[in-house]
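Residue numbers (the working numbering): 95 to 612.
Set out below in structure tokens:
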């Protein structure tokens with residue numbers, strides 16, 4: 095693909111990919127239903143976990159600059175099977191995330207037109223959560239895809255303009271929100287307790303999920319070793335601060351019980367007498383969600399392209415158009431799937447499922463980074479490989495234990511006295527008894543293995559804060575992925591690997607004939 099992006103483009107891609115439906119829609123939903131005024135703490139918790147994952151992503155993006163993003167990193171370090179399961183979750187996250195943003199786009203568009211909630215959706219007798227059909231959401235997805243198919247550079251320019259407008263609206267929301275703040279709205283601060291804070295944190299993690307889009311731009315970045323760290327870490331640091339300020343301003347403008355779950359910021363400004371401001375906020379939110387869809391179309395198509403290059407899905411989806419230099423077939427695949435789901439499925443169903451997939455992928459990236467640092471095939475002694483596997487099992491197992499204890503008994507403490515020390519000892523053991531086999535050439539994660547291990551623990555902990563239904567849907571999707579892998583994906587990747595092994599021998603044989611003559 096064409097190398098046409100720099101760090102400035104990536105920072106704005108970060109803003110465009112991340113700031114959208116999460117902050118403008120899920121903030122109100124989770125403040126009302128789970129966290130109350132403490133929604134700002136939910137953003138701190140999920141932002142901390144996301145930043146740990148950002149460091150891991152950045153090292154991979156610099157060391158393995160590829161359009162495949164998470165899939166490419168995991169395939170290099172953990173093999174085809176783990177990479178495929180993760181790829182399936184990436185695709186699930188991509189499709190559902192785009193559908194969720196598109197549904198939110200319709201909600202704010204309705205608010206901008208000053209029409210009743212759901213008035214632009216078609217009501218049916220289908221099951222609740224699937225009974226409001228949304229043709230506008232599907233249409234927006236198609237339009238965003240057409241734009242990204244035309245040109246990556248033109249999309250970047252359009253994203254820059256839209257993100258600049260969105261940033262101006264966000265600054266307005268924060269300043270105007272604090273000017274109309276009433277601190278009495280912060281009481282009670284923790285109406286649902288700590289469990290509600292972390293449950294909300296797990297769902298609003300979706301608001302941070304777009305940062306991995308920047309990593310997929312590596313193949314089109316002029317200087318990946320310089321531009322990607324600046325783009326990823328820089329944009330996410332600023333976004334975390336912005337999210338916390340916006341969440342706090344919303345909580346101070348309106349009591350959590352009165353916050354609207356569909357267009358929270360617009361209705362909040364209306365409640366404090368700034369009726370005109372609701373249109374400004376709705377317009378800004380639409381701009382933000384439009385940029386999210388644009389960047390999502392870019393990054394998701396590149397995930398599909400790389401997966402298709404490995405023949406885990408038909409290689410037809412890996413084709414890049416010679417004129418536009420963009421993966422048209424991959425873009426069409428993700429667009430059609432997203433548009434169908436957005437047409438039928440409500441935001442509450444989509445948000446919980448996407449959070450499980452996102453947290454799972456980020457947890458796997460952190461584990462893969464530890465493998466990358468401590469294991470090099472053909473160099474690391476078998477004894478050290480066994481130790482590495484044991485320490486990883488201890489770290490992941492104890493993290494699951496901490497998450498399980500929290501989910502079963504949030505007010506208990508006995509389980510933590512076992513699980514937390516086990517996690518600490520597992521990480522300490524890796525630090526003391528294993529030598530790092532690979533040192534990053536340009537940019538690396540600091541405090542290895544502590545930071546990646548903490549990333550694993552926080553991501554697993556937030557997964558455990560989600561509701562039971564989210565894991566049922568996640569389990570069903572995983573089973574479908576496994577069936578596809580064993581029936582189709584496994585054989586396709588084996589055939590491809592077999593052909594690649596034959597290719598060098600054919601070349602060598604041809605050269606021998608040329609050298610020896612008739």
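C-beta: ideal position from N, C-alpha, C; glycine also.
Being a predicted model, the structure only gives us computed values, none of them experimental.
Span of the alpha helix (DSSP H) holding residue i?
i           : result
residue 330 : 318 to 347
residue 299 : Where residue 299 is concerned, there is no enclosing alpha helix (DSSP H), given that its DSSP letter is neither H nor E.
residue 410 : Where residue 410 is concerned, there is no enclosing alpha helix (DSSP H), given that its DSSP letter is neither H nor E.
residue 652 : Nothing in the structure corresponds to residue 652, since the chain is present only between 95 and 612.
residue 314 : Careful: residue 314 lies outside any alpha helix (DSSP H) and carries neither H nor E.
residue 62  : A question about residue 62 goes unanswered here, because the residues of the chain that appear run from 95 up to 612.
residue 369 : 369 to 403
residue 361 : 358 to 365
residue 421 : That residue, residue 421, is in no alpha helix (DSSP H); it is neither H nor E in DSSP.
residue 544 : 544 to 558
residue 286 : Careful: residue 286 lies outside any alpha helix (DSSP H) and carries neither H nor E.
residue 152 : 133 to 157
residue 123 : 121 to 124
Using a threshold of 8 Å, state whether the C-beta atoms of residue i and residue j are closer than that.
i           : j           : result
residue 144 : residue 165 : no
residue 303 : residue 191 : yes
residue 116 : residue 355 : no
residue 234 : residue 196 : yes
residue 546 : residue 464 : yes
residue 509 : residue 499 : yes
residue 440 : residue 497 : no
residue 531 : residue 579 : no
residue 152 : residue 323 : yes
residue 449 : residue 562 : no
residue 141 : residue 308 : no
residue 239 : residue 399 : no
residue 198 : residue 280 : no
residue 274 : residue 170 : no
Between residue i and residue j, what straight-line distance do the alpha-carbon atoms span, to the nearest angstrom?
i           : j           : result
residue 342 : residue 537 : 34 Å
residue 590 : residue 404 : Residue placement at residue 590 is flagged as unreliable, the pLDDT there being 49, under the threshold of 50; a coordinate-derived value is accordingly withheld.
residue 236 : residue 573 : 29 Å
residue 179 : residue 319 : 28 Å
residue 208 : residue 456 : 39 Å
residue 486 : residue 549 : 13 Å
residue 588 : residue 216 : At residue 588 the pLDDT is 46, less than 50, meaning the model places this residue with poor confidence; the figure from the coordinates comes in the next sentence. Cα to Cα, the separation comes out at about 46 Å.
residue 100 : residue 406 : 31 Å
residue 329 : residue 565 : 31 Å
residue 453 : residue 571 : 15 Å
residue 154 : residue 167 : 6 Å
residue 277 : residue 293 : 24 Å
residue 489 : residue 495 : 10 Å
residue 126 : residue 120 : 10 Å
residue 334 : residue 137 : 8 Å
residue 543 : residue 391 : 34 Å
residue 102 : residue 427 : 29 Å
residue 286 : residue 131 : 10 Å
residue 113 : residue 156 : 24 Å
residue 174 : residue 306 : 20 Å
residue 283 : residue 105 : 34 Å
Taking only heavy atoms of the ligand FAD into account, decide whether any of them is closer than 7 Å to the Cβ of residue i.
i           : result
residue 582 : Although the ligand FAD was asked about, the structure shown includes no ligands whatsoever.
Chain D beta carbons: is any one of them nearer than 8 Å to that of residue i?
i           : result
residue 168 : No chain D appears in the structure shown, which is made up of a single protein chain.
Within the region 167 to 238, note down every full alpha helix (DSSP H) run reaching 4 residues or more, in order along the chain. The qualifying runs are 174 to 206.
Between the region 250 to 265 and the region 343 to 360, do three or more beta carbon pairs fall short of 8 Å? With fewer than three CB-CB distances shorter than 8 Å, the region 250 to 265 does not count as touching the region 343 to 360.
Check whether the region 371 to 385 touches the region 192 to 205, taking contact to mean three or more Cβ pairs, one atom from each stretch, closer than 8 Å. Segments in contact, yes.
Between the region 364 to 378 and the region 223 to 230, can you find at least three pairs of beta-carbon atoms closer than 8 Å? Contact fails: fewer than three Cβ-Cβ distances are below 8 Å.
Write down every uninterrupted run of the alpha helix (DSSP H) in the region 427 to 494 whose length is 4 residues or greater and which is fully enclosed by it, in chain order. Runs of the alpha helix (DSSP H) lying entirely within the region 427 to 494, each at least 4 residues long, are 441 to 468 in chain order.
Inter-stretch contact (C-beta, 8 Å, three-pair minimum) for the region 398 to 417 and the region 259 to 275: In short, these stretches do not touch, since the Cβ pair count stays below three.
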